[in-house]
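Below is one structure, written out as structure tokens, with a few remarks after it.
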Amino acid sequence: MEVLADLTNLAVFLLVMTRLTAFMVVCPVFSMREIPPTVKAGLGFVLALALYPLAVPHAPAPPLDNTLAFTLVVVQETAVGLGLGILTSFVFYGIRTAGQYVGMQMGFGIAEMVDPNSGRSAIISELLWLLGLVFFVSMNGHHLLVSALAKSFELLPVGAAVAQMKTAQFVAHSFAGLFLIALKIAAPLMGVLLVTDITLGLLVRMVPTINVFMLGFPFKILIAFMVLAVTIPVVGWVMGRVFEQMNADLLVLMRLLGGG
Numbered sequence: 004m005e006v007l008a009d010l011t012n013l014a015v016f017l018l019v020m021t022r023l024t025a026f027m028v029v030c031p032v033f034s035m036r037e038i039p040p041t042v043k044a045g046l047g048f049v050l051a052l053a054l055y056p057l058a059v060p061h062a063p064a065p066p067l068d069n070t071l072a073f074t075l076v077v078v079q080e081t082a083v084g085l086g087l088g089i090l091t092s093f094v095f096y097g098i099r100t101a102g103q104y105v106g107m108q109m110g111f112g113i114a115e116m117v118d119p120n121s122g123r124s125a126i127i128s129e130l131l132w133l134l135g136l137v138f139f140v141s142m143n144g145h146h147l148l149v150s151a152l153a154k155s156f157e158l159l160p161v162g163a164a165v166a167q168m169k170t171a172q173f174v175a176h177s178f179a180g181l182f183l184i185a186l187k188i189a190a191p192l193m194g195v196l197l198v199t200d201i202t203l204g205l206l207v208r209m210v211p212t213i214n215v216f217m218l219g220f221p222f223k224i225l226i227a228f229m230v231l232a233v234t235i236p237v238v239g240w241v242m243g244r245v246f247e248q249m250n251a252d253l254l255v256l257m258r259l260l261g262g263g
């Protein structure tokens, strides 16, 4: 009997670690390629040790007598971890998209730099992503993620996920919100760059001999960086609200996956 209890506890621990490790593979901060896989695995193990006591009271007994059923539970927990992690990454995809909007408007559409996380990324997109990462860590966003993971074992016990249409609809709605996030972040810069384009157009009409391409690109870049420097507090405030909404969306997704 004691051996069975020990095996059950070990199985629950492995399922907890599976969810946490899958989450860290795709979520912000922890998924960065600069972090070695061994460090990620070690962090997943440490988090599993810390959160395991929270999972045990709510976890149903794993089907240890059926290898196929237990394998399906492992796959299910992997999918849950990946799903929660992808939902959190939508925020940073939105930040990158905002950078792409602004970069194209500034004339950086061709100028690209290699990004080890996503292949190729526009310069402004990379800058805003790093800025978002700084705001995320400074606002203790990584603490929010760990807190949400701890809450997940109460709202969504290990091995108890339920697939339903409402969950797919919510994820699709959250994905659509990615573009709204991009618009909120890019709006100030896009507005100023639009006014700059109009001003340059009027200047060309008044002085046709001016080479607008030679004058326009450096002028727009200078204006954009000046506006970005001035509006950093506003961008930080917007990102803070977005991170709070991300945490709320995580809890909603957990309830939906838990059958709520």
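Residue numbering for the sequence shown follows the numbering used here, beginning at 4 and increasing consecutively. Ideal Cβ positions, reconstructed from N, Cα and C, are used throughout, including at glycine. Only a predicted model underlies this, so the values are computations on that prediction, with no experimental measurement involved.
(message) How far does the alpha helix (DSSP H) with Ser-266 in it extend, from its first residue to its last?
(response) The structure shown does not extend to residue 266, since the chain spans only 4 to 263, so no value can be given for it.
(message) Alpha carbons only, please: which of Ala-72, Leu-260, Pro-160 is nearest the one belonging to Lys-169?
(response) In the sequence shown, the residue the question calls residue 169 occupies position 166. The shortest Cα separation from Lys-169 among Ala-72, Leu-260, Pro-160 belongs to Leu-260.
(message) Short of 7 Å in beta carbon distance, which residues of its chain neighbour Leu-10, apart from the five on each side in sequence? Order them along the chain.
(response) Indexing the sequence shown from 1 puts residue 10 at position 7. Correct list, in chain order: Leu-67.
(message) Once DSSP output is grouped into helix, strand and coil, what is the label at His-61?
(response) Residue mapping note: residue 61 aligns to position 58 of the sequence shown, counting from 1. Three-state result, His-61: coil.
(request) Tell whether a beta-carbon distance below 7 Å holds between Phe-26 and Leu-87. (result) If you number the sequence shown from 1, residue 26 lands on position 23. If you number the sequence shown from 1, residue 87 lands on position 84. A contact, by the Cβ cut-off of 7 Å.
(request) Mark Met-209 as exposed unless 16 or more other C-beta atoms lie within 10 angstroms of its C-beta, in which case mark it buried. (result) Along the sequence shown, read from residue 1 onward, the residue named residue 209 stands at position 206. Classification for Met-209: exposed.
(request) Write down every uninterrupted run of the alpha helix (DSSP H) in the stretch 187-236 whose length is 4 residues or greater and which is fully enclosed by it, in chain order. (result) 215-233
(message) By alpha-carbon positions, which one of Val-94, Leu-256, Met-217, Gly-204 ends up nearest to Val-32?
(response) Position 29 of the sequence shown holds residue 32. The candidate whose alpha carbon is nearest that of Val-32 is Val-94.
(message) Under 8 Å: do the stretch 158-166 and the stretch 125-136 share three or more Cβ pairs, one atom per stretch?
(response) no
(request) Report yes or no: do the stretch 65-79 and the stretch 146-155 share at least 3 C-beta pairs separated by less than 8 Å? (result) no
(message) Between which two residues does the alpha helix (DSSP H) holding Ala-101 run?
(response) The sequence position of residue 101 within the sequence shown is 98, counting from 1. Segment 70-109, the alpha helix (DSSP H) holding Ala-101.
(message) With H, G and I counted as helix, E and B as strand and the rest as coil, what does DSSP make of Ile-38?
(response) Start at 1 with the first residue of the sequence shown, and residue 38 comes out as number 35. In the structure shown, Ile-38 sits in coil (DSSP, three-state: anything other than H, G, I, E or B).
(request) Return the CA-CA distance between Met-116 and Ile-126, expressed in angstroms with no decimal places. (result) Walking along the sequence shown from the start, residue 116 turns up at place 113. Walking along the sequence shown from the start, residue 126 turns up at place 123. Bear in mind that the predicted position of Met-116 carries a pLDDT of just 49, short of 50, making it unreliable; the figure below should be weighed with that in mind. Near 6 Å, if we compare the C-alpha coordinates of Ile-126 and Met-116.
(message) Is it buried or exposed, Met-257, if we count other Cβ atoms within 10 angstroms and call 16 or more buried?
(response) Mapped onto the sequence shown, residue 257 falls at position 254. Burial call: buried.
(message) If you measure between the beta carbons of Val-140 and Ile-188, is that distance less than 7 Å?
(response) In the sequence shown, counting from the first residue as 1, residue 140 sits at position 137. In the sequence shown, counting from the first residue as 1, residue 188 sits at position 185. Not a contact, by the Cβ cut-off of 7 Å.
(request) Verify whether the separation of the beta carbon atoms of Leu-203 and Gly-219 is less than 7 Å. (result) What you label residue 203 is simply residue 200 of the sequence shown in a count that begins at 1. What you label residue 219 is simply residue 216 of the sequence shown in a count that begins at 1. Contact: yes.
(request) Check whether the Cβ atoms of Gly-97 and Leu-181 sit closer than 7 Å, and answer yes or no. (result) Residue numbering aside, residue 97 sits at position 94 when the sequence shown is read from its first letter. Residue numbering aside, residue 181 sits at position 178 when the sequence shown is read from its first letter. Yes.
(request) Would you mind sorting Leu-20 into buried or exposed? The rule is 16 or more other CB atoms within 10 Å of its CB. (result) For the purposes of this step, residue 20 is identified with residue 17 of the sequence shown, where counting begins at 1. For the sequence presented, residue 20 should be read as Met rather than Leu. Under this definition Met-20 is a buried residue.
(request) Have a look at Thr-212 and Glu-247 and give me their C-alpha separation to the nearest angstrom. (result) Along the sequence shown, one-based indexing puts residue 212 at 209. Along the sequence shown, one-based indexing puts residue 247 at 244. So the two alpha carbons sit approximately 51 Å from each other.
(message) Along the chain, where does the alpha helix (DSSP H) containing Phe-33 start, and where does it finish?
(response) Position 30 of the sequence shown holds residue 33. First-last for Phe-33: undefined, no H or E at that position.
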